[in-house]
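Following: one structure in structure tokens, then a few remarks.
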Amino acid sequence: MIHRNKNYNGIVPEISHRELVDRAFLYLRTIGCSVWFKERVTSISENPDVMGFGGREFSVLIECKASRVDFLADKQKWFRKRPEDGMGYKRYFMAPVGMLKSNEIPKGWGLLEVYEKTPRMNRRVCISVEAEAFHERNQNAEIQYLVSAIRRISISMAVFIEPERIKELEAENWFLNEYKKYVTAEISRGTMPTEFQEWNQTVDKLAKELEQSLKGK
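Heads up, the working numbering is the position in the sequence shown plus 13, with the first residue counted as 1.
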């Protein structure tokens, strides 16, 4: 179902990929994600433009497309052809309003459309197609994605923490503890390999080190 602004003039606005990524990153903060990342490069095959995580099993992936060429090329990726091997409990494409048609969006995916910026309002995001839940997905890849983020936190702790980083690190500390709870619960339910318990121990160590670093600021 299309929920476009009734004042939409039918012209596709020019919005760069960078602007879309930044807007998607902010958007995740409004839909229940507690932790979110953008353009994080990892060793896994799928590296989404923006990825967010909330409560148990809740993850949101957003791919930003500033051109139709980029959108059409995305369909050729192997994990798009096999949705069960992709990441994201919910998955969206984000594009300038009017660039994509609802019937072009892959089954289960949603479409977020971004409007032109006005003097009185920042770029508005509209859900044009609501995403469905992908109950079958590559959770191992999601865990590896999170572990990559945890490693970055470990590296950041080895250098001087500037004042503007303290709030960010406090949020990362909360994330580490929530992640640890999530993995422990999934292992107990038998839905996650037991080898992730070793990662849990690493997370526990990082959380304690980060907490000590914050206490010293």
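C-beta: ideal position from N, C-alpha, C; glycine also.
Predicted, not measured: the structure shown is a model, and the values here were computed from it.
Secondary structure note for L124: it is in no alpha helix (DSSP H), and the uninterrupted beta strand (DSSP E) holding it is 123-127. Residue pairing for V110: DSSP places it in no beta bridge.
Closest by C-alpha distance to R36, out of I75, E143, V25, is I75. In the structure shown, E149 adopts coil according to DSSP, grouped into three states. Under DSSP, K103 takes part in a beta bridge, and its partners are V73. Sorting G111, Y40, Q89 by C-alpha distance to the C-alpha of I28 places G111 at the top. Taken through DSSP and simplified to helix, strand or coil, V63 comes out as strand.
With respect to the C-alpha of M100, the residue from K114, I57, P109, V142 having the closest C-alpha is I57. Here the region 153-161 does not lie against the region 105-121, with fewer than 3 beta-carbon pairs under 8 Å apart.
A straight-line Cα-Cα distance of about 40 Å links A108 and S201. Out of S47, L125, L33, the CA that lies nearest to the CA of G65 is found in S47. For the pair R150 and Y102, the CB atoms are nearer than the 8 Å cut-off.
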